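J.: First residue of the sequence shown: 17, per my numbering; consecutive thereafter.
Ideal Cβ placement from N, Cα and C applies to all residues, glycine included.
The structure displayed is predicted, hence computed values, not measured ones.
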Amino acid sequence: MKINGMVSTFICIVCIMVTAACGGPTITPELPPEIAYGEDVCDQCNMIISDERYAAGLVVEVEPGRYEHRIFDDIGDLLVYEQEHVDELTVAAYYVHDYGSKEWIDGRSAFYISSDELLTPMGFGLAAAAQEPEAQALADEWNGVVLTFDELHAQFMSGDGAMEHAHQHGQ
Numbered sequence: 017m018k019i020n021g022m023v024s025t026f027i028c029i030v031c032i033m034v035t036a037a038c039g040g041p042t043i044t045p046e047l048p049p050e051i052a053y054g055e056d057v058c059d060q061c062n063m064i065i066s067d068e069r070y071a072a073g074l075v076v077e078v079e080p081g082r083y084e085h086r087i088f089d090d091i092g093d094l095l096v097y098e099q100e101h102v103d104e105l106t107v108a109a110y111y112v113h114d115y116g117s118k119e120w121i122d123g124r125s126a127f128y129i130s131s132d133e134l135l136t137p138m139g140f141g142l143a144a145a146a147q148e149p150e151a152q153a154l155a156d157e158w159n160g161v162v163l164t165f166d167e168l169h170a171q172f173m174s175g176d177g178a179m180e181h182a183h184q185h186g187q
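1) Which runs of the beta strand (DSSP E) fall wholly inside the segment 58-85 and span at least 3 residues, in chain order?
2) Touching or not, the segment 77-89 and the segment 114-124, by the rule of three or more beta carbon pairs under 8 Å?
3) What's the gap between the Cα of residue 65 and the Cα of residue 74?
4) When DSSP builds the beta bridges, which residues end up paired with residue 130?
5) Using the three-state DSSP reduction, which class does residue 97 fall into: helix, strand or coil?
6) Can the beta-carbon of residue 161 be found closer than 7 Å to that of residue 170?
7) So what does DSSP say about residue 37, is it helix, strand or coil?
8) When DSSP labels each residue in this structure, what does residue 169 get in the three-state scheme?
9) Answer yes or no: the CB of residue 109 versus the heavy atoms of the ligand ADP, is any distance below 6 Å?
Structure (structure tokens):
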């Protein structure tokens with residue numbers, strides 16, 4: 017009887033451990049996505065994500081309290097994806113990489129550099145910086161402009177950003 021109780025307890029512990037291990041990490045708006053560079057593909061264009069300086073991510077709420085990541089090879093692809101899925105997406109967080117440090121930063125508080133001279137994976141010419149002085153220095157170097165998230169977001173949601181991208185690929 018004592019052995020059967022120990023075996024039952026052991027089996028329960030193993031089942032709990034297996035269930036916990038299979039569940040994977042819990043996704044929350046406070047955690048940026050994890051990207052396997054050179055392996056993972058962009059949710060917008062299906063290209064392999066290889067340059068973390070331009071990679072971006074969304075945390076979307078798929079049902080109350082349950083979140084999923086969307087990952088992108090270009091900041092512009094994130095914005096086009098949101099524009100194309102605006103009626104079905106609940107965006108909880110935006111993440112972009114600081115161009116200099118390559119660290120994830122909050123996309124809403126980032127400063128964006130837009131430049132025709134900046135060659136990004138999908139040709140949007142966008143990079144991000146955590147601080148405005150760094151963004152301005154990059155914009156000066158690349159003959160670009162600095163935009164806030166709200167300015168950049170409004171441009172894409174109105175369709176202007178996606179139209180510019182289509183024009184670049186049409187050349």
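T.: Reading it off the structure:
1) 72-79
2) no
3) Your numbering for residue 65 matches position 49 in the sequence shown. Your numbering for residue 74 matches position 58 in the sequence shown. Residue 65 and residue 74: Cα-Cα distance of roughly 15 Å.
4) Locating residue 130 in the sequence shown gives position 114, counting from the first residue. According to DSSP, residue 130 bridges with 142, 161.
5) In the sequence shown, the residue the question calls residue 97 occupies position 81. Residue 97 falls in the helix class under three-state DSSP.
6) Translated into the one-based positions of the sequence shown, residue 161 becomes position 145. Translated into the one-based positions of the sequence shown, residue 170 becomes position 154. No, the pair does not count as a contact, with Cβ atoms beyond the cut-off.
7) Position 21 of the sequence shown holds residue 37. In this prediction, residue 37 scores a pLDDT of 44, lower than 50, which makes its location untrustworthy; the coordinate-derived value is nonetheless stated afterwards. Residue 37 falls in the helix class under three-state DSSP.
8) Mapped onto the sequence shown, residue 169 falls at position 153. Note: residue 169 maps to helix in three-state DSSP.
9) With respect to the ligand ADP, the structure offers nothing, as it holds no ligand at all.
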